[in-house]
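*Asks:* The opening position of the sequence shown corresponds to residue 538 in this note's numbering, with each subsequent residue numbered one higher.
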Amino acid sequence: MEDVEEKIEGCLQFTPNELLQWSQWQLLDSVLPTGGFAHSFGVEAAIQSRRKASISQGSALLRVAAAVFQEVPYFKTMREMSLASGAVRFHHAPIFGLVCGVLGLNAETSQKTYLFITMRDVVSAATRLNLVGPLGAAVLQHQLAANAEELSKKWMNRPVEEACQTNPLLDTIQGCHGYLFFRLFCS
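1) If you reduce the DSSP assignment to three classes, tell me which class Asp540 lands in.
2) Would you mind working out which of Ala663, Leu688, Val609, Pro696 sits nearest Leu677, comparing C-alpha positions?
3) At the level of alpha carbons, what is the spacing between Glu617 and Tyr611?
4) Taking all protein chains shown into account, decide if His629 is buried (16 or more other Cβ within 10 angstroms of its Cβ) or exposed.
5) Do Ser591 and Leu652 have their CB atoms nearer than 8 Å?
6) Buried or exposed, going by whether 16 or more other CB atoms sit within 10 Å of the CB of Ala675?
7) Taking Ser647 as the reference, which of Asn684, Met693, Ala602, Leu666 has the closest Cα?
8) Going along the chain, which unbroken runs of the alpha helix (DSSP H) with 4 or more residues stay wholly within the region 633–688?
9) Count the other CB atoms, across all protein chains shown, that sit within 10 Å of the CB of Leu599; report buried if there are 16 or more and exposed otherwise.
10) Quick one: grab the DSSP three-state call for Arg513.
11) Please classify Ser593 as buried or exposed, where buried requires at least 16 other C-beta atoms within 10 Å of its C-beta.
12) Buried or exposed: Leu717, going by 16 or more other Cβ atoms within 10 Å of its Cβ?
13) Leaving aside the five residues before and after Val660 along the sequence, list all residues of the same chain whose C-beta is less than 7 Å from its C-beta, in chain order.
14) Out of Ala624, Ala683, Asp658, which one is the CA nearest neighbour of Pro671?
15) Would you say Leu564 and Val636 are within 8 Å of each other, going by their C-beta atoms?
16) For the alpha helix (DSSP H) holding Phe612, just list the boundary residues, first then last.
17) Report, in whole angstroms, the separation of the C-beta atoms of Gln497 and Leu668, which I expect to be a contact under 8 Å.
18) Hey, would you say Ala603 sits closer than 8 Å to Lys589, going by beta carbons?
19) Please state the DSSP three-state secondary structure of Arg626.
Printed below as a string of structure tokens:
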């Protein structure tokens, strides 16, 4: 771990500024190739294949962060060291938090950003599956903003021990996605 800290210390450290803000907003850009739009978050078969999808997206996000934000060599160093050790599983949520933190986003903004991109991706999946049209999707996403804010306030900064998902129907059918004859999404 000391070796990791030594390498991190040599990396360029950022403070909030105008250029950094552009990097932060790029993290929200749907064109960033992290695989977010390749996953329906469960819309296609009621729930995503959680582990595989999370690891795939987290790994893609760290790979993309290392390539896009080259002025922050920490991403490349962490990815290389993590791959070499085989001990890191690259789950999307913690990798997203790491990227947000290194890019200077505070905890509250990072958590709201994660909620926003999750909501955006589910609405996008519903649109791509023709469950709702593009205008209806935009209206729906706007209408969900108040619910998202309420959820954000309710669950903000909770300890990891409280993280859970309790929906028996979704739990029961989560494995169905892999058995679909034709799939538009990875999960």
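C-beta: ideal position from N, C-alpha, C; glycine also. Note that the structure is a prediction, hence the values are computed from the model and not measured.
*Replies:* According to the data block:
1) Along the sequence shown, read from residue 1 onward, the residue named residue 540 stands at position 3. With a pLDDT of 46 at Asp540, under the threshold of 50, the modelled position of that residue is not reliable, and the figure given next carries that caveat. In the structure shown, Asp540 sits in a helix (DSSP, three-state: H, G or I).
2) As a first step, residue 677 must be located in the sequence shown, where it is residue number 140. Minimum Cα distance to Leu677 is reached at Ala663.
3) Looking up residue 617 in the sequence shown gives position 80. Looking up residue 611 in the sequence shown gives position 74. Going by the C-alpha atoms only, they are around 10 Å apart.
4) For this step, residue 629 is matched to residue 92 along the sequence shown. Buried, by the Cβ-count rule.
5) Translated into the one-based positions of the sequence shown, residue 591 becomes position 54. Translated into the one-based positions of the sequence shown, residue 652 becomes position 115. Not a contact, by the Cβ cut-off of 8 Å.
6) Taking the first residue of the sequence shown as position 1, residue 675 is located at position 138. Burial call: exposed.
7) As a working mapping, residue 647 is identified with position 110 in the sequence shown. The residue with the shortest Cα to Cα distance from Ser647 is Met693.
8) 644–665, 671–680
9) What you label residue 599 is simply residue 62 of the sequence shown in a count that begins at 1. Counting Cβ neighbours within 10 Å, Leu599 comes out buried, since at least 16 surround it.
10) Only positions 538 to 724 of the chain appear in this structure, which leaves residue 513 out of reach.
11) Mapped onto the sequence shown, residue 593 falls at position 56. In the assembly as shown, Ser593 is a buried residue. Its beta-carbon has 16 or more other beta-carbons within 10 Å.
12) Here residue 717 refers to the residue found at position 180 of the sequence shown. Leu717 should be labelled exposed.
13) As a first step, residue 660 is located in the sequence shown; it is residue number 123 there, counting from the start. These residues qualify, in order along the chain: Ala674, Leu677, Gln678.
14) Within the sequence shown, residue 671 is the residue found at index 134, counting from 1. The candidate whose alpha carbon is nearest that of Pro671 is Asp658.
15) Looking up residue 564 in the sequence shown gives position 27. Looking up residue 636 in the sequence shown gives position 99. Cβ distance < 8 Å, so Leu564 and Val636 count as in contact.
16) Reading the sequence shown from its first residue, position 75 is the one you call residue 612. Counting along the chain, the alpha helix (DSSP H) containing Phe612 begins and ends at 610–622.
17) Since the first and last residues shown for the chain are 538 and 724, residue 497 lies out of range.
18) Within the sequence shown, the letter at position 66 stands for residue 603. Within the sequence shown, the letter at position 52 stands for residue 589. No, these two residues do not count as a Cβ contact at 8 Å.
19) For this step, residue 626 is matched to residue 89 along the sequence shown. Correct three-state label for Arg626: coil.
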